[in-house]
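Numbering (my numbering), first residue to last: 69 to 186. Okay, so here's the structure we're looking at.
Structure below.
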């Protein structure tokens, strides 16, 4: 059974930095895209960034230049480094792993709250 363990999150001031990590277990993730989505109150869940096992990334325009996604395939772990955080980045951040060719193999973490406020 696939399990995703997220860590990081909390309160940070505008302009600050924060890192999130998500460790996946219960399967081989060689052909899984790993990534982060977020959902703010009243909004739909939206893509933040994803990364394939080969290192190809897809990053939302709203966070380009500020957020960096990376991945350690040996540890089945995906990271999100968030810099220059803004109040509008406040949301619950969800880790996701999805098979690149069988998208029904799609798993979500429990979510971690990121609050950007002074």
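The beta-carbon is built from N, C-alpha and C at its ideal position, and this holds for glycine as well.
Three-state secondary structure (DSSP) at residue 174?
Locating residue 174 in the chain shown gives position 106, where the first residue counts as 1. DSSP places residue 174 in strand when its eight states are reduced to three.
What are the uninterrupted segments assigned as beta strand (DSSP E) that are 3 or more residues long and contained completely in the segment 70-142, given in chain order?
Taking only runs of at least 3 residues, the beta strand (DSSP E) segments lying wholly in the segment 70-142 are 71-76, 78-80, 86-93, 100-107, 114-119, 125-127, 135-140.
The segment 94-102 touching the segment 118-128, judged by at least three CB pairs closer than 8 Å:
Note that the segment 94-102 touches the segment 118-128; at least 3 beta-carbon pairs, one per stretch, sit closer than 8 Å.
Under the rule that 16 or more other beta-carbon atoms within 10 Å means buried, what is residue 117, buried or exposed?
Position 49 of the chain shown, counted from the start, is the residue given in the question as residue 117. Classification for residue 117: buried.
Taking the C-alpha atoms as reference points, what is the distance between residue 86 and residue 184?
Taking the chain shown and counting its residues from 1, the one referred to as residue 86 is at position 18. Taking the chain shown and counting its residues from 1, the one referred to as residue 184 is at position 116. Those two C-alpha atoms are separated by around 10 Å.
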